[in-house]
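Colleague: Count along the sequence shown from 1, then add 859; that gives the number in my numbering.
In this text, a Cβ means the ideal position worked out from N, Cα and C, and glycines have one as well.
In this text, all values refer to a predicted model and were calculated from it rather than measured experimentally.
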Amino acid sequence: MHFNKIGMAITGLSSMGYAEASATANVETFWIWVALFTLGIVGIAILFITSYQTQKMQQLHQSMFDKQLEMEKNQNLLLTNMSENIHDIAKQALEKSHHVIDKTSKSFRNKEKILSNVESRLLDVTNDLIDFLRLKSKKIEIVNEEFNINNVLNELSGTICSQFLGSQVELIFDIDK
């Protein structure tokens, strides 16, 4: 009878161990499914976020492309306006030169001054157009350099002092960087 009870106890303990192992396996299976489900949710979230970012990047790219087209349109408009400006200045120069030549009563210096003023305006606009075209064709590279206002002011004061020699004009500049 003791053996019978001992046998029953061993059988009961072994079935408890089996039930416990089975419960542990069920818990592990549950956590594996939870982990897989969580990974699936995270994967779907990553796909959603990635597609959203891709869509935003495409919109940004389209916006930049539209701005670039508008800039090119504005550059072409600027070139057209500059060429019209050069044409108008050249036309004015010719008209003024013919007008000055026709009026012989004006002094020669006045004629020369008017013609040089028109020529300098035409030359300035032409140089601006050439510089702009060089920039656009990337033959000139813009380099950002430190600007020292003191050098400019020293040159300006030297020019003014040389033009007004003997006058009591004194220029003093005090600029902190």
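(1) What is the residue span of the alpha helix (DSSP H) that Asn1010 lies within?
(2) Leaving out five residues on either side along the sequence, give the residues of the same chain with a beta carbon under 8 Å from the beta carbon of Glu978.
(3) How many angstroms separate the CA atom of Gly899 from the CA atom of Thr909?
(4) Relative to the alpha-carbon of Thr985, which residue among Cys1020, Phe1023, Ile948 and Met930 has its alpha-carbon at the smallest distance?
(5) Where does Val943 sit, in a helix, a strand or coil, going by DSSP?
(6) Quick one: Cα of Gly876 to Cα of Met916, how far?
(7) Work out the CA separation of Ala894 and Glu887 for me, nearest whole Å.
(8) Taking the alpha-carbon positions, what's the Leu1030 to Leu992 distance?
(9) Is the beta carbon of Phe1032 less than 8 Å from the beta carbon of Ser1021?
(10) Using the three-state DSSP reduction, which class does Ile891 fall into: helix, strand or coil?
(11) On a CA-only basis, which of Ile945, Ile1001 and Thr913 is nearest Leu981? Give me that one, please.
(12) Is Glu1047 helix, strand or coil when you go by DSSP?
(13) Would you identify the three-state DSSP class for Asn1003, choosing helix, strand or coil?
Modeller: Let me spell this out:
(1) Looking up residue 1010 in the sequence shown gives position 151. Element bounds for Asn1010: Ile1008 to Gln1022.
(2) If you number the sequence shown from 1, residue 978 lands on position 119. These residues qualify, in order along the chain: Ala952.
(3) For the purposes of this step, residue 899 is identified with residue 40 of the sequence shown, where counting begins at 1. For the purposes of this step, residue 909 is identified with residue 50 of the sequence shown, where counting begins at 1. In a straight line, the C-alpha of Gly899 is about 15 Å away from that of Thr909.
(4) Within the sequence shown, the letter at position 126 stands for residue 985. Ranked by Cα distance from Thr985, the options Cys1020, Phe1023, Ile948 and Met930 are led by Ile948.
(5) If you number the sequence shown from 1, residue 943 lands on position 84. Rather than Val, the amino acid found at residue 943 in this sequence is Glu. In the structure shown, Glu943 sits in a helix (DSSP, three-state: H, G or I).
(6) By 1-based counting over the sequence shown, the position of residue 876 is 17. By 1-based counting over the sequence shown, the position of residue 916 is 57. For Gly876, the predicted structure reports a pLDDT of 49, less than 50, and the residue's modelled location is therefore unreliable. The matter cannot be settled from this model.
(7) Here residue 887 corresponds to residue number 28 of the sequence shown, with the count starting at 1. Here residue 894 corresponds to residue number 35 of the sequence shown, with the count starting at 1. Approximately 10 Å, taken between the alpha carbons.
(8) Indexing the sequence shown from 1 puts residue 1030 at position 171. Indexing the sequence shown from 1 puts residue 992 at position 133. Their backbone Cα atoms lie some 39 Å apart in a straight line.
(9) The sequence position of residue 1032 within the sequence shown is 173, counting from 1. The sequence position of residue 1021 within the sequence shown is 162, counting from 1. Taking 8 Å as the Cβ cut-off, Phe1032 and Ser1021 do not qualify as a contacting pair.
(10) Looking up residue 891 in the sequence shown gives position 32. Taken through DSSP and simplified to helix, strand or coil, Ile891 comes out as helix.
(11) Here residue 981 corresponds to residue number 122 of the sequence shown, with the count starting at 1. Closest option to Leu981, judged by alpha-carbon separation, among Ile945, Ile1001 and Thr913: Ile945.
(12) Absent from the model: residue 1047. The displayed extent of the chain is 860 to 1036, so no value can be given.
(13) For the purposes of this step, residue 1003 is identified with residue 144 of the sequence shown, where counting begins at 1. Asn1003 falls in the coil class under three-state DSSP.
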